[in-house]
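One structure is given below, encoded as structure tokens.
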Ligand SMILES: [Fe+2]
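Residue numbers (my numbering): 150 to 400.
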């Protein structure tokens, strides 16, 4: 083989190898898409649909809670994790000393969703013993879905909303595993508090605001100490506190 022929041969071989690598990469993308996207795309479209119903006041918030928990219960968790690029997100978390870190969620891998989503979304990440601190919610509905790790999850019904405190009744207090969920509205399980029991824990969250048409308050979180003062009948007086105090007490 002459020098010229050898150089041409080497160049062509390299091009062929590059082409093979490119084709394999494309095939992997197509495979990824075929295996994961249709399941998750449909799930996200349903999430968008039911969020829009409660946002537009076509269904009541407690009905939305049922639909959301039903949807969460049908999640294909490995597919959702792939779509959220969970491994990359989890590898880069700078865990706070107290409380939970709120991480942005990207739906760029999901097709068929409108650009004007009516629900906010995030992932909460925390290390063992740290919490999404206890808080109630005004005029909003939210749902938690455990992505990874184990947490102790507590909920309380808000029976009274006074100037400086709630009166609450414990409703849920149990361990939550990956794929398990809970939800919030002004009318059911309004206060929640999640504490990581594993080395790290991750929760997917969506929230829709303005879900209670008769509500006079702006949508938002209200930090409380749900164990502030024990009352008769299993109830608690839960003082309203600052985010800083909630983190000191329970973060
Ligand atoms: Fe919340």
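Note that beta-carbon positions come from the ideal geometry of N, C-alpha and C, so glycine has one too. Predicted model only: the values in this text are computed from it and were never measured.
Count the other CB atoms, across all protein chains shown, that sit within 10 Å of the CB of residue i; report buried if there are 16 or more and exposed otherwise.
| i | result |
| --- | --- |
| residue 279 | buried |
| residue 360 | buried |
| residue 365 | exposed |
| residue 307 | buried |
| residue 291 | buried |
| residue 323 | exposed |
| residue 223 | exposed |
| residue 375 | buried |
| residue 219 | exposed |
| residue 367 | exposed |
Between the alpha carbons of residue i and residue j, how many angstroms are there, rounded?
| i | j | result |
| --- | --- | --- |
| residue 233 | residue 305 | 30 Å |
| residue 315 | residue 187 | 44 Å |
| residue 176 | residue 221 | With a pLDDT of 45 at residue 176, under the threshold of 50, the predicted position of this residue should be treated as unreliable, and no value is reported. |
| residue 242 | residue 301 | 21 Å |
| residue 380 | residue 388 | 13 Å |
| residue 140 | residue 400 | Not covered by the structure: residue 140. The range shown for the chain is 150 to 400. |
| residue 217 | residue 313 | 31 Å |
| residue 325 | residue 299 | 6 Å |
| residue 190 | residue 344 | 30 Å |
| residue 238 | residue 382 | 44 Å |
| residue 247 | residue 371 | 18 Å |
| residue 392 | residue 250 | 14 Å |
| residue 264 | residue 394 | 37 Å |
| residue 351 | residue 252 | 10 Å |
| residue 331 | residue 337 | 11 Å |
| residue 369 | residue 240 | 30 Å |
| residue 258 | residue 204 | 24 Å |
| residue 236 | residue 354 | 17 Å |
| residue 271 | residue 327 | 16 Å |
| residue 255 | residue 267 | 15 Å |
| residue 269 | residue 289 | 11 Å |
| residue 397 | residue 283 | 12 Å |
| residue 333 | residue 286 | 8 Å |
| residue 225 | residue 311 | 41 Å |
| residue 342 | residue 197 | 25 Å |
| residue 207 | residue 213 | 10 Å |
| residue 261 | residue 318 | 41 Å |
| residue 231 | residue 356 | 22 Å |
Give the DSSP bridge partners of residue i, in chain order.
| i | result |
| --- | --- |
| residue 256 | In DSSP, residue 256 forms no bridge with anything. |
| residue 325 | 300 |
| residue 270 | 355 |
>> Give the list of continuous beta strand (DSSP E) stretches no shorter than 3 residues that lie fully inside the segment 187–221.
In response: none
> What are the start and end residues of each continuous beta strand (DSSP E) run of 3 or more residues lying completely inside the segment 332–396, in chain order?
Replying inline: For the segment 332–396, whole beta strand (DSSP E) runs of length 3 or above, ordered along the chain, are 340–345, 349–358, 369–372, 385–388.
>> In chain order, what are the residue ranges of uninterrupted beta strand (DSSP E) at least 3 long that sit wholly in the segment 272–318?
In response: 280–287, 289–297, 300–310
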